[in-house]
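Just so it is clear: in the sequence shown, position 78 is 78 by full-length UniProt numbering, and no numbers are missing. Note that CB positions come from ideal geometry on N, CA and C, so glycine has one too. Keep in mind it's a predicted model, so treat the numbers as computed, not measured. Heads up: the structure comes next, in structure tokens.
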Amino acid sequence: MPHPCNKVKHKLVFNLDSAKPCVEVKNGGVLSAVTCRNLPLLGDVGLSANHVVLESGALFGPIFTADLSVQLSYVTKGSGRVQIVGPLRKVVLDTKVEEGGLFFVPKFFPFVVEADEGGMEFFSVITSSKQVYGELSGGKKSIWEAISPSVLEASLNMTPDLTEHFKSKIAKGAVIAPPSTI
């Protein structure tokens, strides 16, 4: 049997559990990712992966893949709800997923995952080596930053105070949100 070469181990192996999280939200969860930046081989094969750990009632998203990639996710622990929206704002999936379940997110389809009481973990493989997500939630890349408060109030039927509260909550820009207390 050939002996392994430790010089190439770092080119073929990456420990996602011990990686520094990309996003960490108190009472919300953790997102860790492996891309071509930390495992160059993924650039050659055009893949990346992420591991999401959501605490009870937390949300992941809403986000969408902003390139031609698709995402296949496997629920490793717990359970939750997955909603995927297609063209013309039509809900194409609204279902409960449990440990051992798979869900598929087509290209450009926004999606959100909400953890049940016991929390939820899932592992995703994405057909892009760079993970290009568009955020619908918050932050500087969010569509909410471009919308004027009056348009937001009218389109979501909200009062000015609720609109201000809404924008302050989403302005943090995290793709993971802790459970709402509103």
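Enclosing beta strand (DSSP E) for residue 78 [first to last residue]: 71-85
Check whether residue 47 and residue 125 have beta carbons under 8 Å apart: Between residue 47 and residue 125, the CB-CB gap stays under 8 Å.
Using a 10 Å radius around the Cβ and a threshold of 16 neighbouring Cβ atoms, would you call residue 104 buried or exposed? exposed
Have a look at residue 180 and residue 33 and give me their C-alpha separation to the nearest angstrom. Our two residues, residue 180 and residue 33, have alpha carbons roughly 25 Å apart in a direct line.
Once DSSP output is grouped into helix, strand and coil, what is the label at residue 182? Confidence is the limiting factor: at residue 182 the pLDDT is only 47, short of 50, which leaves the residue's position unreliable, though a coordinate-based value still follows. Coil at residue 182, not helix or strand.
Suppose you measure from the CA of residue 38 to the CA of residue 14; what does that come to, to the nearest Å? 8 Å
Compute the Euclidean distance between the alpha carbons of residue 108 and residue 159, then round it to the nearest angstrom. 31 Å
If you measure from the beta carbon of residue 108 to each beta carbon in chain D, is any gap under 8 Å? Any reference to chain D falls outside this structure, which holds one protein chain only.
The beta strand (DSSP E) enclosing residue 94, as first and last residue numbers: 91-98
Terminal residues of the continuous beta strand (DSSP E) containing residue 59? 59-65
Tell me whether residue 28 sits in a helix, a strand or coil according to DSSP, three-state version. coil
Please return the same chain residues whose Cβ sits closer than 6 Å to the Cβ of residue 52, not counting the five positions on each side in sequence. 31, 60, 122
Output the boundary residues of the beta strand (DSSP E) element that contains residue 44. Not the beta strand (DSSP E): residue 44 falls in the alpha helix (DSSP H), residues 41-45.
Between 81, 83, 130, which lies nearest to residue 45 when the distance is taken from Cα to Cα? 130
By the 10 Å Cβ neighbour count, where 16 or more other Cβ atoms means buried, how is residue 92 classified, buried or exposed? Residue 92 should be labelled exposed.
The beta strand (DSSP E) that contains residue 56, what's its start and end? Element bounds for residue 56: n/a, residue is neither H nor E.
Which whole-angstrom value is the C-beta distance of residue 110 and residue 70, which I expect to be below 8 Å? Rounded, the Cβ-Cβ distance is 13 Å, inconsistent with contact.
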